[in-house]
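Each remark here refers to the structure printed beneath this line.
2 protein chains.
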Amino acid sequence: MTKTLVVGAYSDTDLTPLKADFDPIFLDGPDDIASLDDSVGAAITAMAYKGHTPFGADQMDRLPNLGLIANYGVGYDAIDVNAANARGIKVTNTPNVLNDDVADLAVGMMLCHGREMMQASEWARSGNWAKHGEYALNRKVSGSTVGIMGLGRIGREIANRLAAFKMDVHYFSRSEKDTPGWTHHDDPVSLASAVDFLIVALVGGQETEKFVSKDVIAAMGPRGVLINISRGTTVDEAALLDALETRAIAGAGLDVFLNEPNIDPRFYALDNVVIQPHQGSGTIETRAAMGQLQRDNITAFHAGNALLTAVN
Amino acid sequence: MTKTLVVGAYSDTDLTPLKADFDPIFLDGPDDIASLDDSVGAAITAMAYKGHTPFGADQMDRLPNLGLIANYGVGYDAIDVNAANARGIKVTNTPNVLNDDVADLAVGMMLCHGREMMQASEWARSGNWAKHGEYALNRKVSGSTVGIMGLGRIGREIANRLAAFKMDVHYFSRSEKDTPGWTHHDDPVSLASAVDFLIVALVGGQETEKFVSKDVIAAMGPRGVLINISRGTTVDEAALLDALETRAIAGAGLDVFLNEPNIDPRFYALDNVVIQPHQGSGTIETRAAMGQLQRDNITAFHAGNALLTAVN
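Chains as they are written, first to last, in my numbering: chain Y, 26 to 337; chain X, 26 to 337.
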């Protein structure tokens with residue numbers, strides 16, 4: 026019987042090597058684990074996981090000999106790591122290989138928002154340019170003040186790019202970090218008050234839930250633009266929607282949402298939001314690297330070698 | 026009688042100070058100069074010009090005492106500088122103040138193209154994300170090889186930004202320039218062959234007409250993406266359209282076109298082109314700075330002071 030279980034929706038790029046490397050059982054989601062025969066479940070020692078559906082104690086208990094959950098993605102907030110720890114299960118993720126892509130999308134959303142690129146494209150493509158002249162003037166992005174909420178690996182990649190746009194970089198983190206002169210804030214409201222663009226690059230999970238609170242959003246002010254490439258949970262989404270609808274802030278660029286992909290329909294009515302379908306790491310190159318790293322962790326586990334990117 | 030003529034379509038931001046500073050005559054375009062009374066035309070010594078309609082010897086001869094044409098914009102290819110020289114007319118432009126915005130839009134178009142941001146936005150907003158799952162994987166932008174065609178002030182701003190995206194920067198210029206290790210090419214086909222993204226940052230005018238030739242476009246290959254923020258004239262547009270339609274190159278991001286705003290309708294059918302309505306410098310901040318610099322040149326001229334940004 027196979028030792029490996031694969032849970033989640035994978036593309037062919039990943040399915041082919043997963044099958045070749047591990048000849049695993051494939052399941053669509055965590056709920057399907059309940060349908061495994063006890064003997065099949067007992068044979069599983071490692072699993073590949075991809076998705077945002079919670080994976081917790083109940084599922085783990087159906088796999089009594091599970092030793093590894095190899096998550097696809099850097100954010101592993103769907104996995105109950107405490108429950109895993111209690112059962113001696115190791116968890117791995119796929120950090121670093123996706124930093125560039127996520128940072129690129131953050132900068133892309135800033136430029137799209139400030140320069141109103143989607144509206145300007147529509148202006149040209151609809152023939153309005155020829156009929157009615159120039160598109161409306163919009164907003165300079167270079168030289169702005171930017172705040173990075175969470176200066177981890179992805180936050181730093183974003184900041185490095187924006188420094189080349191001559192931006193004044195501020196950041197929030199619990200303690201001051203070694204930076205090239207960027208301004209540290211130990212309070213999120215202080216950061217939000219100081220900047221034009223506020224970029225959320227926090228880790229997900231319970232600790233950061235609604236970290237970008239109603240107060241933080243209010244502190245951004247009418248020039249403020251919120252960019253979120255982390256998790257929908259990090260932002261008080263109801264407060265964000267209110268602020269966007271009343272123009273209490275200028276706008277947003279969002280790759281992540283609560284309840285995605287069934288996002289709040291209030292977003293669809295807003296022309297001051299750049300919406301992306303959680304595609305931060307969604308390039309052919311990066312997804313291939315993420316899949317490889319996930320498989321490498323499983324291979325290492327089965328061989329009894331050290332895991333490459335353990336999180337617990 | 027007023028000494029100052031203002032030609033072109035200005036927004037209120039500029040009209041108000043133009044009126045206050047110079048109490049000028051306003052005309053919509055160069056063709057309207059023919060309608061001026063001779064005595065009025067003879068009183069004009071300076072003019073503000075904004076637009077892309079050719080301004081040449083015929084119009085200059087209607088203004089026999091003209092000493093200055095102050096162009097709004099860095100590109101002054103609409104103005105026949107040889108004809109101006111022959112009549113002792115100075116020409117000024119508005120360089121530098123728009124470099125950041127134009128560079129921002131170039132990077133924005135690269136990210137929009139590579140990450141398919143407009144299509145991904147439509148995927149989310151149409152409900153396809155909820156109905157059909159993830160948007161298709163697309164293309165990593167960071168780490169690409171990029172070629173700057175024309176490493177002037179704007180080209181350098183673009184290269185500085187892209188270096189922060191870990192790109193391998195190549196450039197074409199007649200002679201090698203002082204750079205932080207970027208690769209020089211003295212042949213445009215050689216540059217096009219070496220890179221994924223080819224960014225056109227040439228000056229306009231006859232000398233650079235179709236500089237991005239059919240051969241240059243062919244050398245880009247199926248991964249090649251052309252970005253143009255210079256002038257529509259710098260590219261062999263027929264060859265570009267053919268290459269885009271047959272997917273001989275991957276795509277383009279274009280802010281400038283031949284015959285804009287009446288651009289070739291073949292562009293509208295292409296989903297591999299990010300189209301922008303010549304809005305490179307189109308921010309409130311930068312247009313205000315451009316208008317100020319144009320007026321400062323006119324003020325200096327009337328006062329007999331040195332011009333700030335003369336081009337001849």
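Cβ coordinates follow ideal geometry from the N, Cα and C atoms, glycine included.
With a threshold of 8 Å on Cβ separation, who are the neighbours of glutamate 232 (chain X) within its own chain once the five nearest residues in sequence on each side are excluded?
Cβ neighbours of glutamate 232 (chain X) beyond the five flanking positions: none.
Aspartate 221 (chain Y) and glycine 175 (chain Y) closer than 8 Å at C-beta
no
Report the neighbours of glutamine 144 (chain Y) on chain X: residues whose CB is nearer than 9 Å to its CB, in chain order.
Listed by position along chain X, the residues whose Cβ is nearer than 9 Å to that of glutamine 144 (chain Y) form an empty set, because the closest Cβ is around 10 Å away.
Considering valine 241 (chain X), what are the terminal residues of the alpha helix (DSSP H) in which it resides?
Residues 239-245.
Proximal residues, the stretch 184-203 of chain Y versus chain X, C-beta separation under 9 Å
Within the stretch 184-203 of chain Y, Asn185, Arg186, Leu187, Ala188, Ala189, Phe190, Lys191 place their CB atoms closer than 9 Å to a CB of chain X, listed in sequence order.
Run of the beta strand (DSSP E) containing leucine 370 (chain Y), from where it starts to where it stops:
Because chain Y here runs from 26 to 337, residue 370 (chain Y) falls outside it and cannot be looked at.
Which value, in whole angstroms, describes the spacing of the CA atoms of arginine 199 (chain X) and valine 214 (chain X)?
13 Å
Taking the C-alpha atoms as reference points, what is the distance between lysine 235 (chain X) and leucine 136 (chain Y)?
29 Å
Measure from the alpha carbon of isoleucine 183 (chain X) to the alpha carbon of each residue in X:Gly229, X:Asp39, X:Ala131, then state which is nearest.
X:Ala131
Please go through the same chain and pick out, in chain order, the residues whose beta-carbon is closer than 7 Å to the beta-carbon of asparagine 118 (chain X), but skip the five residues on each side of it.
In its chain, beyond the 5 residues on either side, Asn96, Gly98, Val99, Tyr101, Thr334, Val336 have a beta carbon closer than 7 Å to the beta carbon of asparagine 118 (chain X).
Would you mind sorting histidine 195 (chain X) into buried or exposed? The rule is 16 or more other CB atoms within 10 Å of its CB.
buried
Which residues bound the alpha helix (DSSP H) around valine 32 (chain Y)?
Not the alpha helix (DSSP H): valine 32 (chain Y) falls in the beta strand (DSSP E), residues 29-32.
Taking the alpha carbon of isoleucine 309 (chain X) as the point to measure from, which residue in Y:Ile274, Y:Ser167, Y:Leu61 has its own alpha carbon closest?
Y:Ser167
Within the continuous beta strand (DSSP E) that includes leucine 295 (chain Y), where are the two ends?
Where leucine 295 (chain Y) is concerned, there is no enclosing beta strand (DSSP E), given that its DSSP letter is neither H nor E.
State the CB to CB distance for the pair phenylalanine 326 (chain Y) and leucine 318 (chain Y), rounded to an integer number of angstroms; the pair is presumed to be in contact (CB under 8 Å).
Contact flag wrong, Cβ pair sits at about 13 Å.
Taking its Cβ as the centre, do 16 or more other Cβ atoms sit within 10 Å of proline 55 (chain Y), making it buried, or is it exposed?
buried
Is lysine 44 (chain X) helix, strand or coil when you go by DSSP?
helix
Length-filtered (4 minimum) alpha helix (DSSP H) runs lying within the stretch 121-183 of chain Y
124-139, 142-150, 153-157
Relative to the alpha-carbon of isoleucine 173 (chain X), which residue among X:Ser146, X:Asp129, X:Ile224, X:Asp193 has its alpha-carbon at the smallest distance?
X:Ile224
On the criterion of 16 or more Cβ atoms from any shown chain inside 10 Å, does histidine 157 (chain X) qualify as buried, or is it exposed?
exposed
Alpha helix (DSSP H) segment containing methionine 85 (chain Y), residue limits:
82-86
Would you mind reading off the limits of the beta strand (DSSP E) that contains alanine 99 (chain X)?
Note that residue 99 (chain X) is valine in the sequence shown here, rather than alanine. Counting along the chain, no beta strand (DSSP E) covers valine 99 (chain X), and no H or E run does either.
Could you please give me the residues that DSSP links to aspartate 193 (chain X) through a beta bridge?
X:Thr170
Are the stretch 249-267 of chain X and the stretch 102-115 of chain Y touching, with three or more C-beta to C-beta distances below 8 Å?
no
Could you tell me whether the stretch 289-305 of chain X touches the stretch 120-134 of chain X, using the rule of 3 or more Cβ pairs below 8 Å?
yes
Listing by chain order, which chain Y residues have their CB less than 7 Å from the CB of tryptophan 148 (chain X)?
Pro302
Just list the beta strand (DSSP E) runs in the stretch 241-281 of chain Y, keeping only unbroken ones of 3 residues or longer that don't cross its boundaries, in chain order.
250-253, 276-279
Environment of serine 60 (chain X) [buried if 16+ CB atoms lie within 10 Å]
exposed
Bridge partner(s) assigned by DSSP for alanine 71 (chain X):
X:Thr29, X:Leu93
So does the stretch 264-271 of chain Y actually touch the stretch 140-155 of chain Y, counting three or more Cβ pairs closer than 8 Å?
Here the stretch 264-271 of chain Y makes no contact with the stretch 140-155 of chain Y; the two share fewer than three CB pairs at distances below 8 Å.
For lysine 165 (chain X), count neighbouring C-beta atoms within 10 Å of its own C-beta (all shown protein chains included) and say buried if the count is 16 or more, exposed if not.
buried
In whole angstroms, what is the alpha-carbon distance linking threonine 170 (chain Y) and tryptophan 207 (chain Y)?
Rounded to the nearest angstrom, the gap between the Cα atoms of threonine 170 (chain Y) and tryptophan 207 (chain Y) is 11 Å.
Please classify leucine 216 (chain Y): does DSSP put it in a helix, a strand, or coil?
helix
In terms of alpha-carbon separation, which member of X:Gly316, X:Ile323, X:Ala328, X:Phe190 lies closest to aspartate 39 (chain X)?
X:Gly316
Mind checking which residues open and close the beta strand (DSSP E) that includes histidine 209 (chain Y)?
208-210
Residues, ordered as in the chain, of the stretch 277-291 of chain X that lie near chain Y by beta-carbon distance below 8 Å
Glu285, Pro286, Asn287, Ile288
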